[in-house]
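Q: Taken in order, the sequence shown gives residues 119 to 369; the numbers are from this note's numbering.
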Amino acid sequence: MSRTHRRSPPSARGADSSAPPQRRRCPTDSERDRPRPDTPLTCDALIAQAVGAVVRRLDEDDLLAGLLVLRYWEGGPHVRLRLRPTGRTAAVEALTTTTLRNHLAAHPAQGTWDPIRYASAAERFAAAGGMSDHDRRLHPYGRVARRSLAQRRGPTTSATGRRGPEPEMRQPHTIDFHEILLGTGRYKTEVLSSSWFLGHRLAINMLYAHLARVGLAPLQRYLFCHLLAAAVEDEYNVSPVARAQAWAQHS
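(1) Between Leu316, Phe243 and Glu308, which lies nearest to Ala335 when the distance is taken from Cα to Cα?
(2) Determine which residues share a DSSP beta bridge with Leu201 and list them.
(3) Please state whether the Cβ-Cβ distance between Leu185 and Arg174 is less than 8 Å.
(4) Since Gly298 contacts Val359 with CB under 8 Å, what's their CB separation in whole angstroms?
(5) Output the boundary residues of the alpha helix (DSSP H) element that contains Thr214.
(6) So, Leu218 versus Thr204, is the Cβ gap smaller than 8 Å?
(7) Tell me whether the beta-carbon of Ala237 lies closer than 8 Å to the beta-carbon of Gly333.
(8) When the Cα of Arg200 is compared with those of Val356, Val169, Leu337 and Ala240, which residue comes out closest?
(9) Can you tell me whether Val172 is buried or exposed? The criterion is at least 16 other CB atoms within 10 Å of its CB, across all chains shown.
(10) I need the DSSP call for Thr292, collapsed to helix, strand or coil.
(11) Count the other C-beta atoms from every protein chain shown that fall within 10 angstroms of the C-beta of Thr207, then say buried if there are 16 or more, exposed otherwise.
(12) Give me the residue from Gln367, Ala362, Ile234 and Leu164 with the minimum Cα distance to Ile293.
(13) When burial is assigned at 16 or more other CB atoms within 10 Å of the CB, is Thr215 buried or exposed?
(14) Locate the alpha helix (DSSP H) running through Ala246, then write down its first and last residues.
(15) Kindly identify the DSSP beta-bridge partner or partners of His196.
(16) Tell me the rounded alpha-carbon separation between Ala209 and Ala366.
(17) Please report the straight-line C-alpha distance between Ser313 and Gly301, rounded to a whole angstrom.
(18) Would Leu329 and Arg339 be called neighbours here (beta carbons separated by less than 8 Å)?
(19) Does the beta-carbon of Ala362, which I'm using as the reference point, lie nearer than 7 Å to any heavy atom of the ligand GDP?
(20) Can Leu176 and His225 be called in contact, C-beta distance under 8 Å?
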C-alpha cells in the first residue's frame, strides 16, 4: 500500500477564487531560532511527531507490518508515507488519514509557502546535482510489457527482440567484498537489521544528498567516494575483503 500525503495544487482549490492560494510552509532558520515559547514545531519535528502518531495508532490495532517515510521535493515539498499493512488495507488508510489530519490541525505550520521562490530553489538543486530531464517515452521501444513479451516468445519475434542483451551484459559483475558478506546468512540477520548499520546507511544517504547540493553529478559522487575509501585503505593498510573474510569465518 502506498500513500502520498501532499497539499492539493492551486488548480484543485476552485477556479472561482481570484486571490492566490496561501500555502503553509516550514519556518525559516531565523524564525526557528527565535526564543519564543509559542513557536510552532519545525518541519522536522512536525513530520516526526505526525508519523509517530500514525505508527502508534496503527500499532494499537496491530495493523502495521512496515513503513517508509520519504521527504520529497519534486512537484512541491511533501512527504511520502508508504505503509505495509498486516491485512486490513481499508482500515489502515482510514486511520492514517484521520490521525494525520487531527495531528496537523493541532500543530499547524507557521507562515505561508512561496511557490515561485521554492521552484527557483528546486531548479538550482536539480541543476547542481546533474538531474537533467530524461526521455520518459516508452512507445518507441514497444513499451515495457511488449518488450518483455517479445523476448519470451523467442523465435516468433523479430531478430532484435529475439537477440536480447549482449552476453557480457547478461553476465553478473560481482564484487568480492559483497559476495563474501551476502554468502553468509548472518549478514542479513546481524548487520542489515542492526541499529549501527541503519545509522551508517542514513549518514551515507545524507552525505550523497549534500554532495549533490554542492554540484557533484552522480558519476562524480561515486568516484569521489571510491577515492576516499581507497585513500583510507592505503593510509591505514586495511583490506575490506580480508576483513569481510575474517568476519564470515568468525563463529
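Each residue gets a CB set at the ideal place from its N, CA and C atoms; glycine is no exception.
A: Taking the coordinates as given:
(1) Phe243
(2) Leu185
(3) Cβ distance not < 8 Å, so Leu185 and Arg174 don't count as in contact.
(4) Checking the sequence shown, residue 298 turns out to be Ile, not Gly. About 7 Å; that satisfies the 8 Å criterion.
(5) Thr207 to Ala224
(6) no
(7) Note that the C-beta distance between Ala237 and Gly333 is not below 8 Å.
(8) Val169
(9) buried
(10) coil
(11) With a threshold of 16 other beta carbon atoms within 10 Å, Thr207 falls short and is exposed.
(12) Measuring from the Cα of Ile293, the nearest candidate turns out to be Ala362.
(13) exposed
(14) Pro233 to Ala246
(15) Tyr190
(16) 44 Å
(17) 21 Å
(18) yes
(19) This structure does not include the ligand GDP; it has no bound ligands of any sort.
(20) no
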